[in-house]
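J.:
In the numbering used here, the protein residues as written are 155 to 316.
Take a look at the structure:
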C-alpha cells in the first residue's frame with residue numbers, strides 16, 4: 155500500500171522547464187489506467203513550463219514494448235528526457251514477473267546507455283483497483299510523479315553540463 159500521495163510535491167522544488175522537450179512513451183495495455191497516467195504527466199509538464207509542442211507522445215502495445223519505444227524516441231528526436239508510462243497487473247501466471255523485470259532492466263539500461271534521463275512511470279500492482287488508486291485515485295497519479303522526476307533529472311543534467 156502506498157504511504158504517500160504520488161501527486162504530492164512542492165512545486166517550488168521543480169525547476170523551470172520552459173526550454174525543455176520531453177518524450178512520453180505510453181503503453182496501450184490497461185488503457186483506462188495508462189491514459190490517466192498520460193494526462194497527469196502532460197498536465198504536470200505544462201504546469202512547469204513545457205510547451206505542448208515540446209511534448210512528444212508515442213504509444214506502444216504493452217509495457218514490454220516501452221523500452222524499445224523509448225529508445226526510438228531518444229534516437230530519432232532531440233529530447234531532454236523520456237517518460238515511460240505503463241501498468242502491469244499481477245495475474246495467475248509468472249508473466250507479471252517477467253514483464254516487470256524486463257521493463258525495469260530495460261529502462262535502467264537506457265539510462266546508462268544514453269545521455270538523457272529515462273523515467274520509470276510503470277505501475278506494478280496486485281489488482282486493477284490498486285492501479286486505479288495510483289492513476290488519479292486516492293494515492294494520486296504516478297504520471298505526475300514521473301513528470302516531476304523527468305524535469306528534475308533533466309535540470310540536473312543541464313546543471314552538471316554547465
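All C-beta atoms, glycine included, are put in the ideal place defined by N, C-alpha and C.
Quick one, which of 186, 190, 207 and 160 has its alpha-carbon nearest residue 172's?
T.: For this step, residue 172 is matched to residue 18 along the chain shown. Of the candidates 186, 190, 207 and 160, the one whose C-alpha sits nearest the C-alpha of residue 172 is 207.
J.: Is residue 282 buried or exposed, if buried means 16 or more other CB atoms sit within 10 Å of its CB?
T.: One-based indexing of the chain shown puts residue 282 at position 128. Classification of residue 282: exposed, given that the 10 Å Cβ count is below 16.
J.: Which residue wins for smallest C-alpha separation from residue 306, given the options 278, 261, 256 and 237?
T.: Within the chain shown, numbered from 1, the residue matching residue 306 stands at position 152. Here the closest residue by C-alpha is 237.
J.: Which term fits residue 234, buried or exposed, when burial requires 16 or more other beta carbons within 10 angstroms of its beta carbon?
T.: In the chain shown, the residue the question calls residue 234 occupies position 80. The residue in question, residue 234, is buried, as its Cβ has 16 or more Cβ neighbours within 10 Å.
J.: Quick check on DSSP: helix, strand or coil for residue 194?
T.: By 1-based counting over the chain shown, the position of residue 194 is 40. Helix.
J.: From residue 261 to residue 300, what distance separates their C-alpha atoms?
T.: Counting from one through the chain shown, the residue named residue 261 turns up at place 107. Counting from one through the chain shown, the residue named residue 300 turns up at place 146. C-alpha separation (whole angstroms): 13 Å.
J.: Could you please give the first and the last residue of the uninterrupted beta strand (DSSP E) stretch that includes residue 213?
T.: For this step, residue 213 is matched to residue 59 along the chain shown. Here the beta strand (DSSP E) through residue 213 covers 209-214.
J.: Which value, in whole angstroms, describes the spacing of the CA atoms of residue 226 and residue 292?
T.: The count along the chain shown starts at 1 and reaches residue 226 at position 72. The count along the chain shown starts at 1 and reaches residue 292 at position 138. Approximately 34 Å between the Cα atoms of the pair.
J.: Determine the burial state of residue 272: buried for a count of at least 16 other Cβ atoms within 10 Å of its Cβ, exposed for fewer.
T.: Here residue 272 refers to the residue found at position 118 when the chain shown is read from its first residue. That one is buried.
J.: Which of helix, strand or coil does DSSP assign to residue 298?
T.: Along the chain shown, one-based indexing puts residue 298 at 144. Note: residue 298 maps to helix in three-state DSSP.
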